[in-house]
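Residues in the sequence shown are numbered from 31 upward in steps of one, following the numbering used here. Glycine included, each C-beta is placed from N, C-alpha and C at the ideal position. Note that the structure is predicted; figures quoted are calculated from it, not measured. Working notes, beginning with the structure itself.
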Amino acid sequence: MEFDYVIVGGGSAGCVLAARLAATPGVGVCLIEAGGKGRDLFIRMPAGNGLVFGNPKLDWGFESVPQPTLNGRKIYFPRGKSLGGSSILNGMIYIRGVPQDYDAWRESGLPGWGFSDLFPYFRRSQGAVDREGPWHGVDGPVKTEASVNFGELERAFIKASVACGHRRLDDFNGPDRTGVGRTDSTVYRGIRQSSAISYLANPPPNLKILTHRHVARLILEGSRARGVETLGGEQIYAREEVVLCQGAFGTPQTLMLSGIGPSEHLKQHGITTVVDLPGVGQSLADHVDVSMQYESDRMDLSFARHQRLDKAALLMARWLINGKGPGAGPFFSAVIFHALKDPAMPEFETFMTPMMINENLAEGRIEKTPLLQRLGRKLMVKGKQVARPGVQIDINLERPKSLGTVSLASANPADHPRIDPRFFSHSDDLNEMVLGVKTMREIMAHPEIAKYVTGEIGAWKEAKTDVEMIEAIRKTAYTGHHPCSSARMGPDEDPLAVLDSELRVRGVENLRVCDASAMPSQITGNLNATVIAMAERGVDLILGKSPLSPEDPRM
31 MEFDYVIVGG GSAGCVLAAR LAATPGVGVC LIEAGGKGRD LFIRMPAGNG LVFGNPKLDW
91 GFESVPQPTL NGRKIYFPRG KSLGGSSILN GMIYIRGVPQ DYDAWRESGL PGWGFSDLFP
151 YFRRSQGAVD REGPWHGVDG PVKTEASVNF GELERAFIKA SVACGHRRLD DFNGPDRTGV
211 GRTDSTVYRG IRQSSAISYL ANPPPNLKIL THRHVARLIL EGSRARGVET LGGEQIYARE
271 EVVLCQGAFG TPQTLMLSGI GPSEHLKQHG ITTVVDLPGV GQSLADHVDV SMQYESDRMD
331 LSFARHQRLD KAALLMARWL INGKGPGAGP FFSAVIFHAL KDPAMPEFET FMTPMMINEN
391 LAEGRIEKTP LLQRLGRKLM VKGKQVARPG VQIDINLERP KSLGTVSLAS ANPADHPRID
451 PRFFSHSDDL NEMVLGVKTM REIMAHPEIA KYVTGEIGAW KEAKTDVEMI EAIRKTAYTG
511 HHPCSSARMG PDEDPLAVLD SELRVRGVEN LRVCDASAMP SQITGNLNAT VIAMAERGVD
571 LILGKSPLSP EDPRM
């Protein structure tokens with residue numbers, strides 16, 4: 031098979047590239063995805079995350095190596111395995127980075143990647159149904175709306191935050207970021223807006239979509255990318271370009287399996303080096319998340335009440351009938367961004383969830399529960415312990431200094447890569463997280479929210495001093511689900527830059543990368559909207575089109 035463009039990985043970026051490139055008449059595009067079509071009922075249903083997360087048919091289920099700074103714990107990294115990629119199992123929060131994130135990219139020597147350069151692509155991709163004005167797009171394929179599950183506990187949390195001096199925000203994608211408020215979500219009429227649902231609802235005839243094809247390696251002629259080979263032995267060729275869109279873990283793995291990466295590491299696995307690129311698999315960034323849990327006897331206010339089989343069935347029936355009810359949106363809709371120094375650059379994004387759940391599937395034993403609850407728990411959330419009434423506070427450190435690696439565990443493409451996020455390897459991150467914990471404890475102690483909870487539980491119950499808080503952090507931290515920068519863009523003088531400013535792999539012809547691994551650095555907020563905007567811009571780069579005119583709604 032031969033096409034003009036071959037896109038490897040049908041995730042948030044891959045679906046955008048496939049749809050936009052195929053919009054050009056006469057251009058042959060092939061999108062290759064290791065998973066299925068991404069239209070399962072529980073992908074479409076926002077509350078169906080529990081049947082996606084941890085499901086080997088839909089989730090790659092990566093695990094980290096043991097983390098010395100987290101008491102030797104392994105961390106579970108869910109990543110979507112179907113068309114839509116990780117947008118089939120993310121928290122559906124629509125949020126951009128702050129302008130300074132992208133301006134830092136441009137100022138590092140990457141022209142075209144500043145906030146004003148990317149902003150028109152954010153607008154082109156977004157289809158806001160309840161927003162208007164210069165900060166939002168309304169005609170794009172990614173429909174967004176205010177998060178629907180916004181009730182008494184969320185309002186109490188916001189009131190407590192405001193009473194503690196935090197600003198109430200109506201729009202996290204507006205001119206300000208530091209503050210507390212209700213999120214926007216990638217949900218429309220009760221349907222999760224994965225990138226596959228948003229961009230590939232009606233694929234044109236010149237777009238060939240191949241699912242259940244695991245790409246093993248690139249086909250290279252010298253240092254020129256000619257196509258890809260799958261685990262099944264199929265060879266698919268590209269007349270123009272191959273674009274890798276396999277995410278922060280898959281993209282560096284495929285590059286290294288193809289002989290593109292750090293030569294000494296490739297040699298250890300018997301792989302001949304084609305291009306020595308020491309930055310492949312380096313600079314892995316993630317939002318480390320510390321989870322605090324507050325017990326409550328208010329089951330009537332908790333999403334945990336829907337986990338019993340009969341309650342879950344009612345929730346699902348209502349969603350099937352009219353696309354409404356608790357099943358029609360994400361479980362968390364109240365977020366606070368907290369700044370220690372500069373309000374324009376908050377260090378923390380903290381999510382309040384009106385139930386308690388342990389998401390790190392890499393640890394613990396499955397809790398024994400009554401039959402009705404055991405059956406119902408699988409619908410909404412995935413955890414080895416059943417969800418309980420209460421409030422969960424997830425504190426995400428937004429721009430960590432601790433960077434990790436993605437490397438090969440073996441030369442077998444079917445094996446998962448070796449993931450080492452190296453959380454808290456830089457002491458500044460741990461010290462900042464202690465300050466984040468203290469801020470959230472102040473809010474949770476305020477009467478507006480404290481009246482609904484009975485106190486902290488688990489590792490936090492007796493953690494009073496800084497030393498005790500650090501130990502609780504080590505016991506409860508896990509991924510914020512935002513890995514990036516493992517095959518990043520950078521200027522020519524950057525020895526760890528894998529890509530140039532046009533997403534081209536250095537030293538290889540006809541090969542680009544467009545996904546979260548290409549991000550030069552971590553951003554302040556969830557990644558999905560940024561990855562989609564990067565792909566929208568990537569289409570213009572690939573086709574040699576003039577970029578959209580810069581826009582900055584602050585001006």
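- In summary, Ser-332 is buried, with 16 or more beta-carbon neighbours lying within 10 Å of its beta-carbon over all protein chains present.
- Per the coordinates, the alpha-carbon of Glu-184 lies some 15 Å from the alpha-carbon of Met-329.
- With respect to Ile-266, Met-31 sits close: the two C-beta atoms are nearer than 8 Å.
- Nearest to Thr-506 by C-alpha distance, out of Leu-541, Val-467, Arg-542 and Glu-539, is Val-467.
- In this structure the segment 219-226 does not touch the segment 202-209; the number of beta carbon pairs closer than 8 Å is below three.
- DSSP links Asn-426 through a beta bridge to Asp-319 and Glu-379.
- If you draw a straight line from the Cα of Asp-458 to the Cα of Phe-378, it comes to about 14 Å.
- DSSP places His-295 inside the alpha helix (DSSP H), whose first and last residues are 293-298.
- Apart from sequence neighbours up to five positions away, the residues of its chain that approach Trp-165 with a beta-carbon distance below 8 Å are Asp-201, Asn-203, Gly-204, Pro-205 and Pro-583, ordered along the chain.
- In the DSSP secondary-structure assignment, Cys-194 is not bridged to any residue.
- Around the beta carbon of Thr-484, fewer than 16 other beta carbons lie within 10 angstroms, which makes this residue exposed.
- Taking C-beta separations shorter than 7 Å and ignoring five residues to either side along the sequence, the partners of Leu-199 in its chain run Asp-206, Gly-209, Val-210 and Gly-211, following chain order.
- Between Tyr-324 and Met-519, the CB-CB gap reaches or exceeds 8 Å.
- If you check the CB distance, Leu-47 and Ala-255 do not come in under 8 Å.
- Fully contained in the segment 148-219 are the following beta strand (DSSP E) runs of length 3 or more, in chain order: 156-158, 172-176 and 209-212.
- Note that the C-beta distance between Ser-321 and Ser-177 is not below 8 Å.
- In the DSSP assignment, Cys-514 forms a beta bridge with Ala-315.
- Straight across, the Cα-Cα distance linking Gly-263 with Val-192 is about 59 Å.
- DSSP places Thr-260 in the uninterrupted beta strand (DSSP E) bounded by 254-260.
- With respect to the C-alpha of Thr-560, the residue from Ala-548, Ile-249 and Asp-570 having the closest C-alpha is Ala-548.
- Gln-552 sits in coil when the DSSP states are folded into three classes, being neither helix nor strand.
- Counted as a single uninterrupted DSSP element, the beta strand (DSSP E) harbouring Lys-238 occupies residues 237-240.
- By the neighbour-count definition (other C-beta atoms within 10 Å, threshold 16), Asn-352 is an exposed residue.
- Secondary structure of Gly-434 (DSSP, three-state): strand.
- Note on Val-304: 16 or more other CB atoms within 10 angstroms of its CB, so buried under the neighbour-count rule.
- DSSP places Ile-37 inside the beta strand (DSSP E), whose first and last residues are 32-38.
- Between the beta-carbon of Val-273 and that of Cys-544 there is about 6 Å, and that keeps the pair under the 8 Å contact cut.
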